[in-house]
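Using this note's numbering, the first residue of the sequence shown is number 16, and each one after it goes up by one. Heads up, the beta-carbon is just placed ideally off N, CA and C, and yes, glycines get one too. In what follows, a single structure is set out as structure tokens and then discussed.
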Amino acid sequence: MESSKIEIPLSKGKMIFLILGCLLFVFLGVAMFLNAEGMQTRRINNSLIIRIISIIGVLFFGFICISVVKKIIKNESGLIINHLGIWDNSSGVSVGMIKWSDVIGIRKAKASGTNFILIDVNNPDFYINNIKGSIKKQAMKANMRKYNTPISISTAGLKISFKNLEELIEHEYKTNVNTNINL
């Protein structure tokens, strides 16, 4: 029996705030790069190291900014939950479809003040290997090392509270996991 489809939209307000924050860090990275000699301290007295750090910052925050802008332009839902699983489009490292038949558990974690829902799957390498883009793949591998799962979902870009999302995913998992064993 098919359950209804639940769509959770992306929060444009949160995403615009994230874009502004990323642009600030990109600007600071460019300023560091251009003024590397003037930014030397006792701790870091090598302008090359300062330039390398600034390039990494510009690339990292630039990547996030571009990913968020793409999500706003596409105007897709952040999460879609139905009888098959969860379609995750909530962040720059989203995995797409997570089948209930792959899910073996749901947990929560907190990092840098942000709550995450961790989705434990029976085939984590499948999800990691299906990701296109080396930055996304590295982020998923880092999740795997730290949390023993590559899949994490945050409400940072979604129009839903963490508590409500956690309750919704747990309820849908319990409702759908036994009906999708062979999908």
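Only residues of its own chain outside the window of five on either side were considered, and among them Arg-66, Ser-69 have a CB closer than 6 Å to the CB of Phe-48, listed in chain order.
The alpha-carbon of Asn-179 is positioned some 14 Å away from that of Ile-95.
DSSP places Arg-57 in the coil class of the three-state scheme, outside both helix and strand. Using a Cβ distance threshold of 8 Å, Leu-43 and Leu-173 do not count as a contacting pair. When the beta-carbon positions are compared, Ile-134 and Thr-164 come within less than 8 Å of each other. Distances from the CA of Gly-93 to each of Ile-132, Val-84, Lys-85, Asp-103 were compared; the closest alpha carbon is that of Asp-103. In summary, Lys-86 is buried, with 16 or more beta-carbon neighbours lying within 10 Å of its beta-carbon over all protein chains present.
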